[in-house]
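S.K.: Dropping the structure in here first, questions after.
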């Protein structure tokens, strides 16, 4: 008996030693800070530091699908270093930032990394992926897979018939004005956003549809804005179903390969195999910046028009009031009154795009809390930094 136990312990010790010798720095960090919960919202800061750079390497949490890059890389040459006018290192420390890449007029004006992260690493996007998902709806319209955003969602997803979503249009999903009840409180373990990822799907039904079609209506469609991650997951199911291919494959085909992203990315999957489209793309920070350049270029990739005429203008300007001065919501983009717009995710992920200045700021991090609503001022401070960068660029022009 004792010999058997000793043999098992010896095998385990050898296996652990072999793992440690062959594992890269990120996997070692993950092993030392392995999350004990499957819900990212309630990880410790150390677990997030380790996990955000390796979510696609945690199959116990979620499987993933590769977003393949091509062989022709969109160049990002260095430009004149930008004097932002503030202590950038102090800003990154206060943001607990992993990466900051500022591209202006197609050139890298500033690039810094923290948290032992670097340009070759992939960091999770969280809700930055929402803007990717809505862009694929535009691509599906351009390709003829979706006729109009004024079509009913249930025309494309029959499993929603008879639910509160049966009378909701694609436009209302894109603008989060479905009127369906939802709780997006990241600090509440009983909120919809905390519970729906662990939902057990009904037999033969996608897990997102299974959860979302049970929700009640609380307002007439089109009359009330409420931020709902679950609805972006519905948009992903819709786009994937319409195009008849996985979102990761569609994103690779329409943008990632033809525009020239440098590295493969990944997209986490729900329990029934669809991408978690309200979240969870893992990509290099420079490739997040390249996505911003794709938007600035008018949605053209590889010489082909990926998005319909007028799509970017509609998607990135005010479609619905959200009750915040100077800000609004478009088609899964946060919009600002000066014409800039933002893809942003909890814990400090973001792509800021300013067409007037041909400016893209891509950043990743691990804030102490999901958003400022749970405490802290990181989101407010980041917006102030964006404004400071704009001022610094304006000051360069006589």
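In the working numbering, the protein residues as written are 422 to 819. Glycine included, C-beta positions come from ideal geometry on N, C-alpha and C.
1) Expressed to the nearest angstrom, what Euclidean distance is found between the alpha-carbon atoms of residue 441 and residue 799?
2) Would you grab the beta carbon distance between residue 522 and residue 706 for me? Rounded to a whole angstrom, and I think it's under 8 Å.
3) How many angstroms separate the CA atom of residue 471 from the CA atom of residue 487?
4) Between residue 601 and the rest of its own chain, which residues show a CB-CB distance below 6 Å, the 5 nearest in sequence each way excluded?
5) May I ask you to list the residues that DSSP assigns as paired with residue 487?
6) Give the DSSP bridge partners of residue 533, in chain order.
7) Below 8 Å on the Cβ atoms is my contact criterion, and I expect residue 650 with residue 700 to pass it. Report the Cβ-Cβ distance as a whole number of Å.
8) Does the stretch 686-700 come within contact of the stretch 511-531, defined as at least 3 CB pairs closer than 8 Å?
9) So, with DSSP's three-state summary, where would you put residue 585?
10) In whole angstroms, what is the alpha-carbon distance linking residue 766 and residue 484?
11) Can you tell me which residues form a DSSP beta bridge with residue 696?
12) Can you give the Cα-Cα distance for residue 536 and residue 710, rounded to whole angstroms?
13) Let me check understanding here. Comparing Cα to Cα, which of 449, 605 and 475 lies closest to residue 795?
14) In terms of DSSP beta bridges, what is residue 559 paired with?
15) Considering Cα atoms alone, identify which of 647, 453, 756 and 474 is closest to residue 740.
16) As an exercise, report each continuous beta strand (DSSP E) stretch of at least 3 residues that is fully enclosed by the stretch 770-799, in chain order.
17) Who are the near neighbours of residue 504 in its chain, counting only those whose CB is closer than 8 Å to its CB and skipping five residues on each side?
18) Just reading off the beta strand (DSSP E) that residue 763 is part of, what are its end residues?
19) What is the rounded straight-line gap between the Cα of residue 816 and the Cα of residue 775?
20) Rounded to a whole number of angstroms, what is the C-alpha to C-alpha distance between residue 468 and residue 560?
21) To which residues of the same chain is residue 594 closer than 7 Å at the C-beta, ignoring the five residues directly before and after it?
22) DSSP three-state label for residue 429, please.
23) If we count the other Cβ atoms within 10 Å of its Cβ and call it buried at 16 or more, is residue 631 buried or exposed?
24) First and last residue of the beta strand (DSSP E) that includes residue 735?
25) Using only the alpha-carbon positions, how far apart do residue 660 and residue 762 sit?
26) Roughly how many angstroms separate the alpha carbons of residue 801 and residue 793, rounded to a whole number?
27) Between which two residues does the beta strand (DSSP E) holding residue 748 run?
28) Give a yes or no on whether the C-beta atoms belonging to residue 750 and residue 735 are separated by under 8 Å.
M.R.: On the basis of the supplied data:
1) Numbered from its first residue, the chain shown carries residue 441 at position 20. Numbered from its first residue, the chain shown carries residue 799 at position 378. Residue placement at residue 441 is poorly supported in this model, since its pLDDT is 48, which falls under 50; the coordinates still yield a value, given next. When rounded, the distance between both Cα atoms is 35 Å.
2) Locating residue 522 in the chain shown gives position 101, where the first residue counts as 1. Locating residue 706 in the chain shown gives position 285, where the first residue counts as 1. The pair is a contact, with the Cβ atoms about 5 Å apart (cut-off 8 Å).
3) The sequence position of residue 471 within the chain shown is 50, counting from 1. The sequence position of residue 487 within the chain shown is 66, counting from 1. Looking at the two C-alpha atoms, the distance is approximately 21 Å.
4) Looking up residue 601 in the chain shown gives position 180. 585, 636 and 638, listed in sequence order.
5) Working through the chain shown from its first residue, we reach residue 487 at position 66. DSSP lists 687 as partners of residue 487.
6) By 1-based counting over the chain shown, the position of residue 533 is 112. Paired residue(s): 521.
7) Numbered from 1 along the chain shown, position 229 holds the residue referred to as residue 650. Numbered from 1 along the chain shown, position 279 holds the residue referred to as residue 700. Right, the Cβ-Cβ distance comes to about 7 Å (below 8 Å), so this counts as a contact.
8) no
9) In the chain shown, residue 585 corresponds to position 164, counting from 1. Here residue 585 sits in helix by DSSP.
10) Mapped onto the chain shown, residue 766 falls at position 345. Mapped onto the chain shown, residue 484 falls at position 63. Distance between the alpha carbons of residue 766 and residue 484: 20 Å.
11) The count along the chain shown starts at 1 and reaches residue 696 at position 275. DSSP lists 690 as partners of residue 696.
12) To locate residue 536, count along the chain shown from 1; it is residue 115. To locate residue 710, count along the chain shown from 1; it is residue 289. Rounded to the nearest angstrom, the two C-alpha atoms are 19 Å apart.
13) Reading the chain shown from its first residue, position 374 is the one you call residue 795. Nearest C-alpha to residue 795: 605.
14) Your numbering for residue 559 matches position 138 in the chain shown. Answer by DSSP bridge pairing: none, since residue 559 is not bridged.
15) The residue labelled residue 740 in the question sits at position 319 within the chain shown. Of 647, 453, 756 and 474, the residue nearest in Cα terms is 756.
16) 770-775 and 780-786
17) Translated into the one-based positions of the chain shown, residue 504 becomes position 83. Correct list, in chain order: 813.
18) To locate residue 763, count along the chain shown from 1; it is residue 342. First-last of the beta strand (DSSP E) with residue 763: 762-766.
19) Counted from its first residue, the chain shown places residue 816 at position 395. Counted from its first residue, the chain shown places residue 775 at position 354. Rounded to the nearest angstrom, the two C-alpha atoms are 16 Å apart.
20) Translated into the one-based positions of the chain shown, residue 468 becomes position 47. Translated into the one-based positions of the chain shown, residue 560 becomes position 139. Each residue's Cα considered, the two are about 36 Å apart.
21) Your numbering for residue 594 matches position 173 in the chain shown. 574, 652, 655 and 656.
22) Your numbering for residue 429 matches position 8 in the chain shown. Any answer about residue 429 is weak, because its pLDDT of 46 lies below 50 and its placement is not dependable; what the coordinates show is given next. In this structure, residue 429 counts as helix in the three-state DSSP scheme.
23) For the purposes of this step, residue 631 is identified with residue 210 of the chain shown, where counting begins at 1. Label assigned to residue 631: buried.
24) By 1-based counting over the chain shown, the position of residue 735 is 314. Note, residue 735: premise wrong, no beta strand (DSSP E); alpha helix (DSSP H) at 732-736.
25) Taking the first residue of the chain shown as 1, we reach residue 660 at position 239. Taking the first residue of the chain shown as 1, we reach residue 762 at position 341. Each residue's Cα considered, the two are about 23 Å apart.
26) By one-based count along the chain shown, residue 801 stands at place 380. By one-based count along the chain shown, residue 793 stands at place 372. Answer to the nearest angstrom: the Cα atoms are 8 Å apart.
27) For the purposes of this step, residue 748 is taken as the residue at position 327 of the chain shown. That run of the beta strand (DSSP E) goes 748-750.
28) Counted from its first residue, the chain shown places residue 750 at position 329. Counted from its first residue, the chain shown places residue 735 at position 314. No, Cβ-Cβ distance for residue 750 and residue 735 is not below 8 Å.
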